[in-house]
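For the first sequence, the working numbering gives the first residue as 21, with consecutive numbering after it. By construction, the Cβ of each residue, glycine as well, lies at the ideal position given by its N, Cα and C atoms. The structure displayed is predicted, hence computed values, not measured ones. To start, the structure under review is shown below, and the notes come after it.
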Amino acid sequence: MPPKKGSAGKNGSKDSGSQGAGTALVIVESPAKAKTIAGYLGRGYVVESSIGHIRDLPTKAAEIPAKYKGQPWARLGVDVDGDFEPLYVVNTDKKAHVKKLKELMADADELLLATDEDREGEAIAWHLREELKPRIPVRRMVFNEITKDAIQHAANNTRDLNTRLVSAQETRRILDRLYGYEVSPVLWKKVMPKLSAGRVQSVATRLVVERERERMAFTSAEYWDLKAVFDATEAGASDGPATFPATLVSVDGKRIAAGRDFSSQGTIRADRDVRHLDEAAARGLAERLAGAGFAVRSVERKPYRRSPYAPFRTTTLQQEASRKLNLSAKQTMQVAQRLYENGHITYMRTDSTTLSDSAVNAARNQVRRLYGGDYLPDKPRVYAKKVKNAQEAHEAIRPAGESFRTPAETGLSGPEFRLYELIWKRTVASQMKDAVGESVTVRIEGTSTGGEVAEFSASGKVITFHGFLKAYVEGSDDPAADLDDRERRLPAMAEEDPVKAQNLEAEGHSTRPPARYTEATLVKELEEREIGRPSTYASIIGTILDRGYVFKKGTALVPSFLAFAVVQLLERHFGNLVDYEFTARLEDSLDDIARGEAESLPWLRRFYFGGQDSDGNQETGLKELVGDHLSEIDPKEVSSLPLPGTDIVLRVGRYGPYLDRDGVRVNVPEDLAPDELTEAKAEELFAQPSGDRELGADPETGRTIVAKSGRFGPYVTEVIPEPEEAEGGTRGKSKKAKVKPRTSSLLKSMDLDTVTLEDALRLLSLPRVVGQLDGEDVTAQNGRFGPYLKKGTDSRSLETEEQMFTVTLEEAQAIFAQPKQRGRRAAAPPLRELGEDPASGAKMVVKDGRFGPYVTDGDVNASLRKGDEVESITDERAAELLAERRAKAPAKKKAPAKKKAPAKKPAAKKSTTATTATKKATTARRTTAKKTGEPRTDAKKSD
DNA sequence: CAGTGAGCGAGCTTCCGCTTGACTT
Numbered sequence: 021m022p023p024k025k026g027s028a029g030k031n032g033s034k035d036s037g038s039q040g041a042g043t044a045l046v047i048v049e050s051p052a053k054a055k056t057i058a059g060y061l062g063r064g065y066v067v068e069s070s071i072g073h074i075r076d077l078p079t080k081a082a083e084i085p086a087k088y089k090g091q092p093w094a095r096l097g098v099d100v101d102g103d104f105e106p107l108y109v110v111n112t113d114k115k116a117h118v119k120k121l122k123e124l125m126a127d128a129d130e131l132l133l134a135t136d137e138d139r140e141g142e143a144i145a146w147h148l149r150e151e152l153k154p155r156i157p158v159r160r161m162v163f164n165e166i167t168k169d170a171i172q173h174a175a176n177n178t179r180d181l182n183t184r185l186v187s188a189q190e191t192r193r194i195l196d197r198l199y200g201y202e203v204s205p206v207l208w209k210k211v212m213p214k215l216s217a218g219r220v221q222s223v224a225t226r227l228v229v230e231r232e233r234e235r236m237a238f239t240s241a242e243y244w245d246l247k248a249v250f251d252a253t254e255a256g257a258s259d260g261p262a263t264f265p266a267t268l269v270s271v272d273g274k275r276i277a278a279g280r281d282f283s284s285q286g287t288i289r290a291d292r293d294v295r296h297l298d299e300a301a302a303r304g305l306a307e308r309l310a311g312a313g314f315a316v317r318s319v320e321r322k323p324y325r326r327s328p329y330a331p332f333r334t335t336t337l338q339q340e341a342s343r344k345l346n347l348s349a350k351q352t353m354q355v356a357q358r359l360y361e362n363g364h365i366t367y368m369r370t371d372s373t374t375l376s377d378s379a380v381n382a383a384r385n386q387v388r389r390l391y392g393g394d395y396l397p398d399k400p401r402v403y404a405k406k407v408k409n410a411q412e413a414h415e416a417i418r419p420a421g422e423s424f425r426t427p428a429e430t431g432l433s434g435p436e437f438r439l440y441e442l443i444w445k446r447t448v449a450s451q452m453k454d455a456v457g458e459s460v461t462v463r464i465e466g467t468s469t470g471g472e473v474a475e476f477s478a479s480g481k482v483i484t485f486h487g488f489l490k491a492y493v494e495g496s497d498d499p500a501a502d503l504d505d506r507e508r509r510l511p512a513m514a515e516e517d518p519v520k521a522q523n524l525e526a527e528g529h530s531t532r533p534p535a536r537y538t539e540a541t542l543v544k545e546l547e548e549r550e551i552g553r554p555s556t557y558a559s560i561i562g563t564i565l566d567r568g569y570v571f572k573k574g575t576a577l578v579p580s581f582l583a584f585a586v587v588q589l590l591e592r593h594f595g596n597l598v599d600y601e602f603t604a605r606l607e608d609s610l611d612d613i614a615r616g617e618a619e620s621l622p623w624l625r626r627f628y629f630g631g632q633d634s635d636g637n638q639e640t641g642l643k644e645l646v647g648d649h650l651s652e653i654d655p656k657e658v659s660s661l662p663l664p665g666t667d668i669v670l671r672v673g674r675y676g677p678y679l680d681r682d683g684v685r686v687n688v689p690e691d692l693a694p695d696e697l698t699e700a701k702a703e704e705l706f707a708q709p710s711g712d713r714e715l716g717a718d719p720e721t722g723r724t725i726v727a728k729s730g731r732f733g734p735y736v737t738e739v740i741p742e743p744e745e746a747e748g749g750t751r752g753k754s755k756k757a758k759v760k761p762r763t764s765s766l767l768k769s770m771d772l773d774t775v776t777l778e779d780a781l782r783l784l785s786l787p788r789v790v791g792q793l794d795g796e797d798v799t800a801q802n803g804r805f806g807p808y809l810k811k812g813t814d815s816r817s818l819e820t821e822e823q824m825f826t827v828t829l830e831e832a833q834a835i836f837a838q839p840k841q842r843g844r845r846a847a848a849p850p851l852r853e854l855g856e857d858p859a860s861g862a863k864m865v866v867k868d869g870r871f872g873p874y875v876t877d878g879d880v881n882a883s884l885r886k887g888d889e890v891e892s893i894t895d896e897r898a899a900e901l902l903a904e905r906r907a908k909a910p911a912k913k914k915a916p917a918k919k920k921a922p923a924k925k926p927a928a929k930k931s932t933t934a935t936t937a938t939k940k941a942t943t944a945r946r947t948t949a950k951k952t953g954e955p956r957t958d959a960k961k962s963d
């Protein structure tokens, strides 16, 4: 709790210029920080937090103020035609908080904006000033560490807002909005709805996909060598072990090929002069070396020295928590948040490895107390900035306070204890001495019965002073790798010493494809590429998991086929945007803007409308790419992934991935890792029983009738035998001659498992010609909306499916004599009746519609929202929904008071031919319309 | 991913970065 404003204001420790004794309102970003700082500032200051950003671009239509609703750019929240003026709204969950800040400000004489000293922090400060509209002096207060001295110094050395830095942030924000909100809809249209693209997530997805591509292109190689265990007792070794393992490294002076000598194609790299041993060669050599005498050829000793690791920042904490505590990035951050809020650690979202002076002292004191002065370097260690675009608004992640509590002293337990312990150890170790020791490489030589000179190598490492390793050893992503404190002792040996081979065996190995990313290694990769920020690393993983771009297999991140399709689309049509350098270049530009060496507007114009880049190349703007160029994106093409060396294509459909070979299709399990889809696996999938059920043969045609489950539910069809082709006929060419099989959906009364041949034959007899009317055939059949009669271009629905088989010509004539029925049934009775709408005076009722329950006054309809229940909704709430609906929609001139509410759910796909922006009806576009069903009708676009 | 003729209460999905609770399941 901040000090009560009433108690402050009297001769506090602050001296804020001419105002004299008054109260300053200090606003920081985080409540926990506010609490700490309030303690350091004492009287005269009221410290509150903004809880992050208070304003942002509107997220969705509901947040857009009515006056901007009709604007063509309202969807973006950025007036792209008006100098990219952003539209800011106070986040819904912040409205109450902003009000509170305003109230606090009313009692203050000065406003100190003490948000983080980085791009986002500066912007938060600016938004606060814009939104709070203070009439008291406003100053910017900044600090990089939370210690009493630093805070008091900061309060007395304020500065003005840096509007250039704010401009850089705003540019970043607008770019991300344009990228995300313009490119995502392209994916909705071309791949499937609800997908997303963005500067960060799309590159993250691409990294995972590219790694999988490498794995798919990888060819393993097998290679062999010899493993020996030598006995050095004859060498007179007195200390250390008597035996040691060694590996064959060369024969007759030529090095034996090892894993690193092979390319990803499984061949020896061109620049390697090595001998590749296969199994037979290795076994033969082993036999010829049995019983041979060996001697030490050389002993090479080198000093070993290892410096401690830098204190934690967000990414390294996530990596180590993953390796050692098996926590996901998200879990790590949740646990760290609790530690932070309870005052155990400093802020956990940081890109800095810097420790404050008091933290260094605390660490050094702890070293002295726990390990003794021998482990303490003379001077404090300083860690250089590790991350290129680091903004260093905070310290490293370390135990909080000016003296550290040992884990036991904290009283913590469970994951919080373990994470604290990790942070504590790492921090203490970072102020300890180097580990030192010696590494030794011994070469052993022997001659085979065939006269071959075989050389073995053994290496050892001895740590003579553990230094920081006593406190902390970093984990490894490779479980097979040795950790830093691992020692390998060798017997004491000298040149010419004889040794005896105790055991000598051929050993086979094979090269392995690059490992998949884990959460931790992907985060590491993103940080190295300057993509994402400490506050977002964990959520980036969350986003690509949520979208179905990746899934987890153990700890590995496996890309889905969907991710392959999306990345393929982006690479081919938005190459610039998924370029790995894109963010790095963006950061450079933002730095220029922040320094006042560049302006935001030309930059945004070029990005959105196109123009010459810094190298003089003409760049196509984003607007054109997602507009006029949209028709160039062929959805079928971008969702097709040919299986190399085959005529099989994997396609990503709306219902998941499937394989297609000349029209023969088979589903691919969703959780099949792409690198496991080999030709053999594909054949296996094709060979699998598809779940179809053979019902028997049609007595008239002899064709087999099968029942299948399809996109629109269960149906029956017939198998058309492959036409016997004369020589020269190829499979591809025979396609055209194919007879279309008859198909028919099952009736509602039928079931895939129980449908009989008789049922099927009856279904396949459709459409049934009922007779002739007006010189045209009248047919009865089943369709998208159920059974109907068709006469030329005219049609009428039938009431029951059975009527398809029984309706007579007379009945048909009577049906056609009726006008087209609007709706198939009488109006469904309302689910509930409510009172009168105060706005229209009409009675309100709740009805069940195609999109779920809605309330209507007979004129305006409004869907019930999440949380509204048909049973419990009140008149007030219903009137509110109707009012909102009226406010939102431009009044429709459609005739009101429709009374039909068809109970049937609409088909999954609509075939509305939508008006799209482009004029030419290309094949690509037609496919699009068909595939997505309902492209957005952006009719406002004009040329 | 079988092929097919209505007209209907549509509106929304989505970005990246700052930050926490207050909600419901």
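- prompt: Taking the alpha-carbon positions, what's the PRO839 to PHE629 distance?
  reply: Taking the first sequence and counting its residues from 1, the one referred to as residue 839 is at position 819. Taking the first sequence and counting its residues from 1, the one referred to as residue 629 is at position 609. Taking the straight line from one Cα to the other gives about 52 Å.
- request: Give every residue of the same chain whose Cβ lies closer than 7 Å to the Cβ of THR191, excluding the five residues on either side of it in the sequence, and list them in chain order.
  value: Looking up residue 191 in the first sequence gives position 171. Excluding residues within five positions, the ones whose Cβ falls inside 7 Å are LEU610, ILE613, SER620, TRP623 and LEU624.
- prompt: In chain order, what residues of the same chain have a beta carbon less than 6 Å from the beta carbon of ILE84, not counting five sequence neighbours either side?
  reply: Here residue 84 refers to the residue found at position 64 when the first sequence is read from its first residue. Counting only Cβ-Cβ distances below 6 Å, and skipping sequence neighbours, we find PRO78 and ALA94.
message: Below 8 Å, how does it come out for the region 786-798 and the region 814-832: are there three or more Cβ pairs, yes or no?
response: Contact between the region 786-798 and the region 814-832 is present, because at least three Cβ pairs lie under 8 Å.
task: Kindly indicate which residue of ASP505, VAL67 and GLY878 has the alpha-carbon position closest to the one of LEU854.
output: Counting from 1 along the first sequence, the entry for residue 854 is found at position 834. Comparing alpha carbon positions, the residue from ASP505, VAL67 and GLY878 closest to LEU854 is GLY878.
- request: Sort ALA702, ALA521 and ASN164 by Cα distance to PRO662 and report the nearest one.
  value: The count along the first sequence starts at 1 and reaches residue 662 at position 642. Checking every option, the nearest Cα to that of PRO662 belongs to ALA702.
Of the residues TRP146, VAL118 and THR813, the one placed nearest THR183, counting alpha carbons only: The sequence position of residue 183 within the first sequence is 163, counting from 1. Selected option, being the one with the closest Cα: TRP146.
query: Among GLY574, PHE584 and GLY552, which residue has its Cα nearest to the Cα of ARG567?
result: Here residue 567 corresponds to residue number 547 of the first sequence, with the count starting at 1. For ARG567, the nearest C-alpha among the options comes from PHE584.
Whole-Å CB distance - PHE282 paired with ALA241, under 8 Å assumed: Numbered from 1 along the first sequence, position 262 holds the residue referred to as residue 282. Numbered from 1 along the first sequence, position 221 holds the residue referred to as residue 241. Yes, PHE282 and ALA241 are in contact; Cβ-Cβ is about 4 Å, under 8 Å.
message: What ranges does the alpha helix (DSSP H) occupy inside the region 634-680, keeping only unbroken runs of at least 4 residues that lie completely in it?
response: Listed in chain order, they are 642-646 and 655-658.
message: Whole angstroms are fine: how far does the CA of SER634 sit from the CA of TYR603?
response: Within the first sequence, residue 603 is the residue found at index 583, counting from 1. Within the first sequence, residue 634 is the residue found at index 614, counting from 1. Checking the sequence shown, residue 603 turns out to be Thr, not Tyr. About 16 Å.
field: GLY480 and LEU510 closer than 8 Å at C-beta
entry: In the first sequence, counting from the first residue as 1, residue 480 sits at position 460. In the first sequence, counting from the first residue as 1, residue 510 sits at position 490. Contact: yes.
query: Grouping DSSP H, G and I as helix and E and B as strand, with all else coil, what is MET824?
result: Translated into the one-based positions of the first sequence, residue 824 becomes position 804. Annotated three-state conformation of MET824 is helix, per DSSP.
task: Assign ASN2 to one of two classes, buried (16 or more other C-beta atoms within 10 Å of its C-beta) or exposed (fewer than that).
output: Examination of residue 2 is not possible in this model, given that the chain is present from 21 through 963 alone.
message: Checking the sheet assignment: what are the DSSP bridge partners for PRO1003?
response: Absent from the model: residue 1003. The displayed extent of the chain is 21 to 963, so no value can be given.
message: Rounded to whole angstroms, what is the Cα-Cα separation between ILE443 and GLY434?
response: The count along the first sequence starts at 1 and reaches residue 443 at position 423. The count along the first sequence starts at 1 and reaches residue 434 at position 414. Straight-line Cα distance between these residues: approximately 15 Å.
task: Decide if ASP272 is buried, meaning its Cβ has at least 16 other Cβ atoms within 10 Å, or exposed.
output: Here the question's residue 272 lines up with position 252 in the first sequence. Answer is exposed; the Cβ neighbour count stays below 16.
query: How do the region 186-206 and the region 94-114 stand: do at least 3 beta-carbon pairs fall below 8 Å, yes or no?
result: Judged by Cβ distances under 8 Å, the region 186-206 makes contact with the region 94-114, as three or more pairs qualify.
- prompt: Should GLY552 be labelled buried (16 or more other beta-carbon atoms within 10 Å of its own) or exposed?
  reply: Here residue 552 refers to the residue found at position 532 of the first sequence. GLY552 counts as buried, since at least 16 other C-beta atoms from the protein chains shown sit within 10 angstroms of its C-beta.
- request: Could you round the C-beta distance between ARG303 and GLU472 to whole angstroms and report it? I think they count as a contact, below 8 Å.
  value: Along the first sequence, one-based indexing puts residue 303 at 283. Along the first sequence, one-based indexing puts residue 472 at 452. With a Cβ gap of about 14 Å, ARG303 and GLU472 do not count as contacting.
message: Report the start-end ranges of each beta strand (DSSP E) in the region 559-638 that is 3 residues or longer and not cut off at the edges.
response: 570-573, 576-579 and 630-632, all fully within the region 559-638.
message: Checking 8 Å against the spacing of the C-beta atoms, do ALA175 and LEU61 come in under that value?
response: Position 155 of the first sequence, counted from the first residue, corresponds to residue 175. Position 41 of the first sequence, counted from the first residue, corresponds to residue 61. Cβ distance < 8 Å, so ALA175 and LEU61 count as in contact.
query: Candidates ARG295, SER530 and SER327: which alpha carbon is nearest HIS486's?
result: Start at 1 with the first residue of the first sequence, and residue 486 comes out as number 466. Here the closest residue by C-alpha is SER327.
message: Using 8 Å for Cβ pairs, my map puts ILE417 next to PRO518. What's the rounded Cβ distance?
response: Numbered from 1 along the first sequence, position 397 holds the residue referred to as residue 417. Numbered from 1 along the first sequence, position 498 holds the residue referred to as residue 518. Rounded, the Cβ-Cβ distance is 55 Å, inconsistent with contact.
- prompt: Could you give the C-beta distance for GLU72 and GLU105, rounded to a whole number, given that I count them as a contact under 8 Å?
  reply: One-based indexing of the first sequence puts residue 72 at position 52. One-based indexing of the first sequence puts residue 105 at position 85. Looking at the sequence shown, residue 72 is not Glu but Gly. With a beta-carbon spacing of about 23 Å, GLY72 and GLU105 fall beyond the 8 Å limit used to define contacts.
Status (buried if at least 16 other CB within 10 Å, exposed otherwise) for ARG945: The residue you call residue 945 lines up with position 925 of the first sequence. At ARG945, the pLDDT of 30 sits below 50, so the modelled position is not reliable and the matter cannot be decided from this model.
task: Return helix, strand or coil for PRO51, following the three-state DSSP convention.
output: The residue labelled residue 51 in the question sits at position 31 within the first sequence. Residue state for PRO51 is assigned as helix, using DSSP reduced to three classes.
field: Where GLY795 sits in the DSSP three-state scheme
entry: The residue given as residue 795 occupies position 775 in the first sequence. In the three-state DSSP reduction, GLY795 falls in the coil class, being neither helix nor strand.
message: Could you tell me the alpha carbon to alpha carbon distance between MET452 and THR426, rounded to whole angstroms?
response: As a working mapping, residue 452 is identified with position 432 in the first sequence. As a working mapping, residue 426 is identified with position 406 in the first sequence. Those two C-alpha atoms are separated by around 16 Å.
message: Tell me which residues share the same chain as ALA540 and place their Cβ nearer than 6 Å to its Cβ, disregarding the 5 neighbours each side in the sequence.
response: For this step, residue 540 is matched to residue 520 along the first sequence. Once the five neighbours on either side are set aside, the close Cβ partners of ALA540 are GLN338, GLN339 and SER342.
- request: For the region 689-703 and the region 664-673, state whether three or more C-beta atom pairs, one from each stretch, are separated by less than 8 Å.
  value: Counting Cβ pairs under 8 Å, three or more are found: they touch.
field: Cβ-based neighbour list, MET125, same chain, cut-off 8 Å, excluding 5 preceding and 5 following
entry: The residue you call residue 125 lines up with position 105 of the first sequence. If we look at MET125 and ignore the five residues flanking it on each side, its Cβ neighbours are LEU45, LEU131, LEU152, PRO154 and ILE156.
field: Residue(s) in a DSSP beta bridge with PRO807
entry: Along the first sequence, read from residue 1 onward, the residue named residue 807 stands at position 787. Bridge partners of PRO807 according to DSSP: ASN802.
field: Cut-off 8 Å between Cβ atoms - residues of its own chain near GLU527, not counting five sequence neighbours on either side
entry: Locating residue 527 in the first sequence gives position 507, counting from the first residue. TRP244, ASP245, LEU246, LYS247 and ALA302, listed in sequence order.
query: Could you give the uninterrupted runs of the alpha helix (DSSP H) lying entirely in the region 52-113, keeping only those of 4 residues or more?
result: Within the region 52-113, no alpha helix (DSSP H) run of at least 4 residues lies entirely inside it.
- prompt: Near GLN638, what residues of its chain come up, given a Cβ to Cβ distance below 8 Å and the 5 sequence neighbours on each side ignored?
  reply: Taking the first sequence and counting its residues from 1, the one referred to as residue 638 is at position 618. Within the same chain, GLN638 has close Cβ partners GLY630, GLY631 and GLN632.
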